[in-house]
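So the sequence lines, in the order shown, correspond to chains Z and C. If you read the first sequence in my numbering, its first letter stands for residue 928, the second for the next number, and so on. If you read the second sequence in my numbering, its first letter stands for residue 558, the second for the next number, and so on. Just so it is clear, CB atoms sit at the ideal spot from N, CA and C, and this is done for glycine as well.
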Amino acid sequence: MLLLQLLANGIVTGSALGIVAVSFALIYSTTRVFHVAHAGVFTLGGYLAWSLVRAGVPDLLALAGAMAGCVVLGAAIQRFLYAPLERRGAAQLVVLIASLGTLAVIQNLLAAVYSPDILQFPSAWAGHVFGLGGLRLTGAQLATVGVDFAAFGWVMWFAHGTLLGKRIRAVAANPFLAEITRLEPRRVHVLVMAIASALVCLPGVLGPLDYGLQPYGGVTPLLTATIAMIAGGIGSLAGAFFLAIAIVVLQNLSLLVMPGEWSIGVTFAIFIVFMLFRPRGLFASG
Amino acid sequence: MILELAGVAAGYGAKTVISEVSLALAPGQILALLGHNGAGKTTTLKTAMGLIPARAGEVRFDGTAITRLPVAERVARGLRLLPEGRGIFPDLSVAENIDVVAASLTGKGAMFDPASVYRLLPVLAERRATRAGSMSGGQQQMLAFALAILGTPRCLMLDEPSIGLAPNLVERLFAQVRDVCRAHGVAAVLVEQNVAAAMALADQVVIMNNGKVVFDGTPEAARAANVWHFF
Chain Z
928 MLLLQLLANG IVTGSALGIV AVSFALIYST TRVFHVAHAG VFTLGGYLAW
978 SLVRAGVPDL LALAGAMAGC VVLGAAIQRF LYAPLERRGA AQLVVLIASL
1028 GTLAVIQNLL AAVYSPDILQ FPSAWAGHVF GLGGLRLTGA QLATVGVDFA
1078 AFGWVMWFAH GTLLGKRIRA VAANPFLAEI TRLEPRRVHV LVMAIASALV
1128 CLPGVLGPLD YGLQPYGGVT PLLTATIAMI AGGIGSLAGA FFLAIAIVVL
1178 QNLSLLVMPG EWSIGVTFAI FIVFMLFRPR GLFASG
Chain C
558 MILELAGVAA GYGAKTVISE VSLALAPGQI LALLGHNGAG KTTTLKTAMG
608 LIPARAGEVR FDGTAITRLP VAERVARGLR LLPEGRGIFP DLSVAENIDV
658 VAASLTGKGA MFDPASVYRL LPVLAERRAT RAGSMSGGQQ QMLAFALAIL
708 GTPRCLMLDE PSIGLAPNLV ERLFAQVRDV CRAHGVAAVL VEQNVAAAMA
758 LADQVVIMNN GKVVFDGTPE AARAANVWHF F
């Protein structure tokens, strides 16, 4: 039963990190920016929702409001930071440093405005424990797994079933051709950042419903998500999502045989195995 | 004249690659732009397209100066580029390639919509669901040509479209270019290493050497002057 519980917990957290990975992969494959500040957008979403809930806004509306805030921040980062750097021909390292700086600013602002300590959501339903067979899952965990799998389904439909999704894939596949066929890659980049920021807000709010908010809490999820994106194959959204789940499930199962503090080591062990034996990832396209 | 370059200079960083480049072509005319590797042919096309800025001179399209216009505006006016070796979206299916570009370039009354492109190039209709990057080189180049003509092209610039293709495919592709130009009054600039095939297709030949135009005349005049002399 412990095995099943660890497996279930792994799938819950894995689906949340899966959405972090999918949204990060969407940005990286389209803009080629290693958007580390995505961890800041993820964290900000939780704090925005927390503020709205504390102000008496119903939980669902608070989630929508937080998503809107993340959309504005993500689009602004692309429009006013990455795009001007790209126009000036900045090297990828320069853009990465700009992104790291943005992450530091967001984290420290959150710590200054709120508190560096852990804040708990006041939503009672989130902590309610449901028994499913022998498994015990909280309301927040059930919401996480349901919403994140639905979000993944939506992303796949959007990318393959809508004209805008195909346009984003086209810009990712050949930015030069996108430029000379008037697909407006720069506008698409802003749009991608907006969509990915809305997506990352979902686990950014639903996760902390369970374990609370912390200003510096976005970095470890992003690290795992990045490894999932690389191991899944850059350009494969499904690869990023399912590898994130697999990594977190393996992390959780490792608790059966080793202490919890080694779980991040398991993540890196998986990464090293992929780098050695399948550096292009499981589902790399092209 | 549909496309005119008058005394154009352009380059990358501190290096000027082309200078004093002038050429002009009328609607329906095919111009073969020839020269050895590094002569400045692709730079000329990129400058006309607005992908790199002109440092001197003027680019005119249908009599209007477009030297400072952004790429998207030039494309909207009907200037199209089929880039060398990267004219498709490899991760998308053939139908997705065509749909995405058609949505951007095909308005009401367009010369080529997806249906007319599939009629013109039936091999693409048969391969609608195929991932573009997995097709043969010839089929990929047909798709690239389809993407370049979608909407209402008025001047096509084709950068080495025959590269890597078998001779029979080159013949077929050039026949398509000729038909589109003749039937619809579309002008074409054809950059080619395959000098004989390009000269057979062209109405006008421009030869570049070291970033400058060294010959501008008819294919007959080029042959009479021994075309290789200019390379």
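If you look at T604 (chain C), you'll find it in the alpha helix (DSSP H) that goes 598 to 606. In the pairwise beta carbon analysis, the segment 736 to 747 of chain C is classified as touching the segment 568 to 585 of chain C: at least three pairs are separated by under 8 Å.
By the Cβ-count criterion, E777 (chain C) is exposed, with fewer than 16 other Cβ atoms from all chains shown falling within 10 Å of its own Cβ. Bounds of the beta strand (DSSP E) holding K769 (chain C) are 769 to 774. With a beta-carbon spacing of about 6 Å, F1079 (chain Z) and V949 (chain Z) fall inside the 8 Å limit used to define contacts. V616 (chain C) and M558 (chain C) have their C-alpha atoms spaced approximately 12 Å apart.
In the three-state scheme derived from DSSP, where H, G and I count as helix and E and B as strand, T621 (chain C) is classed as strand.
The beta carbon of P1112 (chain Z) sits closer than 7 Å to the beta carbons of V1098, P1102, A1105, E1106 from its chain, once the five residues preceding and following it are set aside; these are given in chain order.
Residues I645, F646, P647, L649, S650, V651, N654, Q697, L700 of the same chain have their beta carbon placed closer than 7 Å to that of A689 (chain C), with the five preceding and five following residues left out of the count. Against chain Z, the CB of F646 (chain C) has a partner CB under 7 Å away; the residue lies at that interface. With a cutoff of 7 Å on beta-carbon distance, A596 (chain C) and N766 (chain C) are scored as near each other. Within the segment 1160 to 1184 of chain Z, contact with chain C at the beta-carbon level (separation under 9 Å) is assigned to G1162. Relative to the Cα of D1075 (chain Z), the nearest Cα in the group Z:L1133, Z:V1021, Z:G1001, Z:L1059 belongs to Z:L1133. Shown here, M765 (chain C) sits in a strand according to DSSP, grouped into three states. Judged by their CB atoms, V565 (chain C) and G614 (chain C) are nearer to each other than the 7 Å cut-off. Apart from sequence neighbours up to five positions away, the residues of its chain that approach L1149 (chain Z) with a beta-carbon distance below 8 Å are V947, F951, V963, H965, A966, F969, ordered along the chain. Rounded to whole angstroms, the Cβ separation of L704 (chain C) and V752 (chain C) is 26 Å, and the two are not in contact under 8 Å. In this structure, the CA atom of L1118 (chain Z) is about 12 Å from the CA atom of L1110 (chain Z). DSSP, read as helix, strand or coil, puts G564 (chain C) in strand. Going by C-alpha positions, L678 (chain C) is about 27 Å away from A1086 (chain Z). Annotation: R1006 (chain Z) has no Cβ neighbours in chain C at a cutoff of 7 Å; minimum Cβ distance is about 17 Å. Within chain C, D656, V657, A660 have C-beta atoms less than 8 Å from the C-beta of L1090 (chain Z), given in sequence order. Under DSSP, D716 (chain C) forms a beta bridge with C:V748.
Here T1071 (chain Z) carries a helix assignment [DSSP, helix/strand/coil]. If you ignore the 5 residues before and after V960 (chain Z), its C-beta comes within less than 6 Å of the C-beta of Y1009, V1022, all in its own chain and listed in chain order.
Counting only the Cα atoms, L602 (chain C) lies some 35 Å from G1160 (chain Z). Below 8 Å, too few C-beta pairs join the segment 1048 to 1064 of chain Z and the segment 621 to 630 of chain C to call them touching: fewer than three. Within chain Z, the residues R1109 have their CB atoms less than 7 Å from the CB of A633 (chain C), given in chain order. Between G592 (chain C) and the set C:C712, C:Q750, C:I720, C:A563, the nearest pair of CA atoms involves C:Q750. Within the segment 683 to 743 of chain C, the runs of beta strand (DSSP E) at least 3 residues long that lie entirely inside it are, in chain order, 712 to 716. When rounded, the separation of the alpha-carbon atoms in V1146 (chain Z) and D1044 (chain Z) is 16 Å. For T1065 (chain Z), the enclosing beta strand (DSSP E) begins and ends at 1062 to 1065. Per DSSP, the continuous beta strand (DSSP E) segment holding G1058 (chain Z) begins and ends at 1056 to 1059. Cβ-Cβ distances below 7 Å link A686 (chain C) to S650, A652 in the same chain, with the five nearest sequence neighbours on each side left out; the list follows chain order. DSSP assignment within the segment 1126 to 1207 of chain Z yields no whole beta strand (DSSP E) run of 3 residues or more. Per the DSSP secondary-structure output, V578 (chain C) pairs in a beta bridge with C:V565.
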